[in-house]
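Using my numbering, the letters of the sequence shown map in sequence onto residues 332 to 474.
Beta carbons are placed, not taken as given, at the ideal position from N, Cα and C, and that holds for glycine.
Please read all numbers here as calculations on a predicted model, not as lab measurements.
Working notes, beginning with the structure itself.
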Amino acid sequence: MLKIIKSAINTKAINRWSELEVERNLQDAMQVCRNVLVDPQLVPGGGAAEMAVSHALTEKSKGMTGVEQWPYRAVAQALEVIPRTLIQNCGASTIRVLTSLRVRPGSCGTAVLLLRIDDIVSGHKKKGEEHSKAPAPTEAAQE
């Protein structure tokens, strides 16, 4: 299989070492494709794990005061280098994308909290409407 791909793709390089490196890269790529076909599972990538750990460390540092919080924040910032580099390599706006990634975990929690509050309020209104079975005023009654 590698010979077929090698003949289709010109793997000629400057020296033998570079040509062997290209062959190893092709072999690795084919093995990745095979693994995905054999066992298709999603793995978080693109700095997702690093952003999650960074977010957790930042949240933990908020509960501390003074010098104790500095190591947590330093490691959190260091972990954000990986997504930042990926964003820069894509040509996207680094600040905009990193900000949206930082906000995302908190926004989901806020949305769930708001939905719960809406459910409680709407449930309270429904119970209140059941207890007061008075007819609603009509336009004729208001005139």
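Start and end residues, alpha helix (DSSP H) containing residue i
i	result
M395	Premise fails: M395 is in no alpha helix (DSSP H) and is neither H nor E.
A360	R347 to V369
Q419	V412 to C421
Integer Cβ distance of residue i from residue j, believed to fall under 8 Å
i	j	result
R433	T425	At roughly 12 Å, the Cβ-Cβ gap does not stay under 8 Å, so R433 and T425 are not in contact.
G377	L417	6 Å
Selected residue, minimal CA-CA separation from residue i, among the options
i	options	result
A380	A407, W348, S349 and E352	A407
contact_flag[the region 376–394, the region 408–419] where n(CB pairs < 8 Å) is 3 or more: Yes, they touch.
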